[in-house]
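Residue numbers (our numbering), protein chains in the order written: chain S, 1 to 298; chain B, 299 to 609.
Data first, discussion second: the structure below is written as structure tokens.
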Amino acid sequence: MEQILTVIVDGIIYSAWLFVAAVGLTLIYGVMKIVNLTHGSFYALGAYAAASFTGAWIARGYPPMLSYAVLLASAAIITLVFAPLIERGILRFMYAKDEVVIMLITYALFLILEDTIKLIWGVDPYFIAEPYGLLGSFEVGEMTYPTYNLILVGIAVVAGGGLTLLLQGTRVGKLLRTVIHDPEVSRAMGINVDRFYLITFTFGSFLAALGGAFTAPTVSVVPGLGVEIIVLSFAVIVIGGMGSLPGAALGALIVGLVRSAAIHYAPAVELFVIYFVMALVLAFRPRGLFSLAEPRKI
Amino acid sequence: MKGDRTLIILGAVLLALVGAGPLLPQWAMFIVTIAIAKGLVALALMLQLRAGLVSFGQALYYCIGAYTAGSLGRFFGISDMLLQMITGAAVAAFVAFILGFLLARYRGIFYGLLSLALSMILYGLLVKSEALGSTDGINILPSTVFGIRPDQGSVRHVVLIVGCAVAFLATLLVNRYLGTPLGQLAAAIKDNEIRVEYMGASVREAIHVKYVIAAALSGIGGALAATTVGHIDPDMAYWTTSGEFIFITILAGTRSVVAPFLGAMIFGIIHTVAFDISPNTWQMTLGIALLLVIVFLPEGLWSLFGRRKAA
């Protein structure tokens with residue numbers, strides 16, 4: 001019983017982290033139909049920016065409680081530097097190309113960003129453990145968890161809820177859904193599709209950077225941080241259905257719980273099981289669990 | 299006729315490489331042999347790309363080939379590199395035959411994602427399997443050919459010769475296959491699948507065959523790389539390895555069976571030179587090269603050579 005509780009708590013914390021890391025990917029795919037491999041780079045950029053800014057913040061002796069705001073701000077700043085540059089500078093010229101070709105372009109950009117990170121921050125690891133320990137801990141049954149983990153759960157809930165409200169309840173959301181449905185007709189109706197693409201790409205990348213920034217205090221920030229995130233995020237959004245928000249949430253929950261169960265009961269299959277679920281979903285519901293039938297185009 | 303000429307060129311180049319072998323330093327022979335191994339995988343990707351399919355998990359079969367070669371040495375004491383390559387190809391082809399029933403139904407991004415998931419499954423399994431060395435991988439027995447073990451000085455050259463011979467034979471067969479009606483279907487499938495079906499051909503079957511051939515080629519490539527490097531690890535199945543193969547294929551273009559080998563060689567050279575000059579920016583160099591090729595040479599570097607003829 002005790003162990004099941006641990007599995008569930010671990011699973012939820014891991015799911016929240018996965019959701020924050022992956023939701024931007026599904027947003028960008030949903031709106032722009034881009035399979036965006038630079039997503040992992042933004043995750044890493046967020047982590048590095050957070051390590052630098054928060055490290056400096058704490059070294060100067062500023063109030064440590066505000067370091068959470070600094071984490072958030074670093075994700076925003078680094079995204080505003082890189083995302084509009086990539087979207088306006090390169091991607092917007094490529095929209096006419098095939099989905100797979102755009103994926104290759106983002107792969108090229110991913111390679112470039114990987115080394116840009118090394119050029120800016122070098123190859124030595126960064127540590128900022130302070131924000132992780134500040135909030136103390138809480139207990140579930142006999143297990144103790146750092147309260148910091150709840151922040152990630154909070155961010156996941158706010159991001160998921162906020163996006164759903166935005167899409168379903170506001171004028172901008174309605175316009176965005178129109179763009180998703182048919183960009184060309186939207187353009188003809190006077191919607192500024194280019195601006196929606198720019199904002200979507202920037203915001204989606206910001207969510208990745210946010211995931212990276214809030215993970216930075218829990219790990220050592222080293223080169224190659226974003227590489228694993230890419231495949232994990234793909235697993236998450238493919239399971240739920242690419243482009244679907246509730247799908248990403250469901251995918252994150254499934255992967256999170258399955259992995260946490262595997263770690264506790266069968267550590268040998270920990271990694272295998274995630275991709276096995278992904279392959280299983282692709283085999284039986286290729287468009288994800290939250291998908292509708294799509295007509296075959298001639 | 300045209301196909302024959304390209305093969306003569308490839309044969310001549312490979313022969314020249316084999317002949318120049320003793321003159322090359324050891325590290326250069328190593329790079330060339332690895333390029334041939336990767337060229338085989340790129341050839342496999344080219345086959346699929348011709349039908350409009352991009353596999354983001356070709357490393358699956360590369361890794362299967364390598365681990366088959368490794369297991370032969372570890373569990374049966376077999377170190378014959380020809381035997382390793384043949385078995386590697388056979389195991390890869392068998393796995394592909396089974397998985398092909400599933401994959402042949404997929405197109406576009408889903409084909410890529412499913413193959414990615416499959417290669418990551420193998421990665422996840424290998425990382426945790428003690429018998430196969432988990433993350434550390436395993437060492438390969440020193441290469442032998444027909445029971446003879448070349449001495450330390452000439453082993454690289456022998457591996458290069460055998461690698462070239464096998465690559466040439468494989469390319470010959472692939473070229474033959476591309477000339478058959480089944481091989482010719484690729485372009486039609488890319489263009490319009492439904493018309494292919496109306497013609498009376500089975501798209502699924504054509505893709506399934508292609509998938510198995512591609513797996514066998516990658517298996518050979520993996521076994522060759524394994525015996526060349528002398529060590530294998532689970533990273534051979536990781537998605538970045540697949541990305542590397544896609545890079546090579548796109549760089550080279552799909553017009554000729556020779557192109558993938560050219561692409562692999564150029565990749566090896568860029569990698570070595572860029573890494574030597576500045577170890578922290580070689581990926582950036584690769585990324586920029588890929589971007590430039592996609593934008594300015596959508597048909598790949600090969601289109602710089604032959605006159606621009608409709609394929």
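Glycine included, each C-beta is placed from N, C-alpha and C at the ideal position.
Spatial distance of residue i from residue j (CA atoms)
i	j	result
Leu-198 (chain S)	Thr-539 (chain B)	31 Å
Gly-528 (chain B)	Arg-493 (chain B)	48 Å
Ala-609 (chain B)	Ile-329 (chain B)	Confidence at Ala-609 (chain B) is low in this model, with a pLDDT of 43, below 50, so its placement is unreliable and the value that follows should be read with caution. Approximately 32 Å, taken between the alpha carbons.
Thr-215 (chain S)	Leu-305 (chain B)	53 Å
Leu-424 (chain B)	Leu-271 (chain S)	10 Å
Val-456 (chain B)	Ser-205 (chain S)	50 Å
Val-316 (chain B)	Phe-545 (chain B)	26 Å
Ala-49 (chain S)	Pro-183 (chain S)	34 Å
Val-31 (chain S)	Ser-441 (chain B)	53 Å
Asp-531 (chain B)	Val-393 (chain B)	20 Å
Glu-99 (chain S)	Val-35 (chain S)	7 Å
Ser-234 (chain S)	Pro-320 (chain B)	The question names Ser, yet the displayed sequence has Phe at residue 234 (chain S). Distance between the alpha carbons of Phe-234 (chain S) and Pro-320 (chain B): 47 Å.
Ala-557 (chain B)	Ala-209 (chain S)	39 Å
Leu-589 (chain B)	Leu-483 (chain B)	29 Å
Thr-526 (chain B)	Ile-592 (chain B)	31 Å
Cys-462 (chain B)	Thr-570 (chain B)	21 Å
Ile-4 (chain S)	Leu-253 (chain S)	15 Å
Ile-511 (chain B)	Leu-358 (chain B)	14 Å
Secondary structure of residue i, DSSP reduced to three states
i	result
Asn-149 (chain S)	helix
Lys-607 (chain B)	Here the model assigns Lys-607 (chain B) a pLDDT of 48, short of 50, so the residue's position is not dependable, and the following value carries that caveat. The answer is coil: DSSP assigns Lys-607 (chain B) none of H, G, I, E or B.
Glu-87 (chain S)	helix
Ser-137 (chain S)	strand
Gly-143 (chain S)	Here residue 143 (chain S) is Met; the residue named in the question, Gly, does not match the sequence. Note: Met-143 (chain S) maps to strand in three-state DSSP.
Leu-376 (chain B)	Leu is not the amino acid found at residue 376 (chain B); the sequence shown has Ile there. Of the three classes helix, strand and coil, the one that applies to Ile-376 (chain B) here is coil, per DSSP.
Tyr-126 (chain S)	strand
Ile-274 (chain S)	helix
Thr-442 (chain B)	strand
Val-236 (chain S)	helix
Val-219 (chain S)	coil
Ile-567 (chain B)	helix
Ile-436 (chain B)	strand
Ile-191 (chain S)	coil
Within-8 Å CB hit, residue i to chain S
i	result
Ile-376 (chain B)	no
Thr-552 (chain B)	no
Thr-385 (chain B)	no
Leu-595 (chain B)	no
Val-352 (chain B)	yes
Phe-395 (chain B)	no
Met-418 (chain B)	yes
Thr-469 (chain B)	no
Ile-544 (chain B)	yes
Thr-478 (chain B)	no
Leu-599 (chain B)	no
Thr-538 (chain B)	yes
Val-425 (chain B)	yes
Chain B within 8 Å of residue i, Cβ atoms only
i	result
Ile-298 (chain S)	With a pLDDT of 44 at Ile-298 (chain S), under the threshold of 50, the modelled position of that residue is not reliable, and no figure is offered here.
Tyr-275 (chain S)	yes
Asp-124 (chain S)	no
Phe-206 (chain S)	no
Ile-112 (chain S)	yes
Gly-11 (chain S)	no
Leu-257 (chain S)	no
Ala-268 (chain S)	yes
Ala-252 (chain S)	no
Leu-18 (chain S)	no
Phe-272 (chain S)	yes
N- and C-terminal bounds of the alpha helix (DSSP H) containing residue i
i	result
Gln-3 (chain S)	2–32
Trp-121 (chain S)	99–121
Ile-329 (chain B)	324–348
Val-555 (chain B)	Val-555 (chain B) -> no alpha helix (DSSP H), and no H or E assigned at all.
Leu-599 (chain B)	It is not in any alpha helix (DSSP H) - Leu-599 (chain B) carries neither H nor E in the DSSP assignment.
Asn-473 (chain B)	453–477
Glu-428 (chain B)	Taken as a continuous stretch (DSSP letters only), Glu-428 (chain B) belongs to no alpha helix (DSSP H), as it is neither H nor E.
Ala-248 (chain S)	245–265
Item to check | Against chain S: residues of the stretch 496–509 of chain B by CB proximity under 7 Å | outcome: none
Checklist entry - Listed in chain order, which residues of the stretch 40–68 of chain S have Cβ atoms closer than 9 Å to some Cβ of chain B? => result Under the 9 Å Cβ criterion, the stretch 40–68 of chain S contributes no residue.
Next on the checklist: Give me the subset of the stretch 115–146 of chain S whose CB atoms are less than 9 Å from a CB atom of chain B, sorted by chain position.
Outcome noted: Asp-115, Thr-116, Lys-118, Leu-119, Gly-122, Val-123
Item to check | Residues in the stretch 577–595 of chain B having any Cβ partner in chain S nearer than 7 Å | outcome: Identification of residues in the stretch 577–595 of chain B having a C-beta nearer than 7 Å to some C-beta of chain S yields Asn-578, Thr-579, Gln-581, Met-582, Leu-584, Gly-585, Ile-586, Leu-588, Leu-589, Ile-592, given in sequence order.
Checklist entry - If you measure beta-carbon to beta-carbon, which residues of the stretch 77–106 of chain S are closer than 9 Å to chain B? => result Ile-90, Phe-93, Met-94, Lys-97, Asp-98, Glu-99, Val-100, Val-101, Met-103, Leu-104, Ile-105
Checklist entry - Which of the residues in the stretch 277–290 of chain S, read from start to end, lie with their CB under 7 Å from any CB of chain B? => result Met-278, Ala-279, Leu-282, Ala-283, Pro-286
Checklist entry - Just by C-beta distance, which residues in the stretch 232–248 of chain S are closer than 9 Å to chain B? => result Phe-234, Ala-235, Val-238, Met-242
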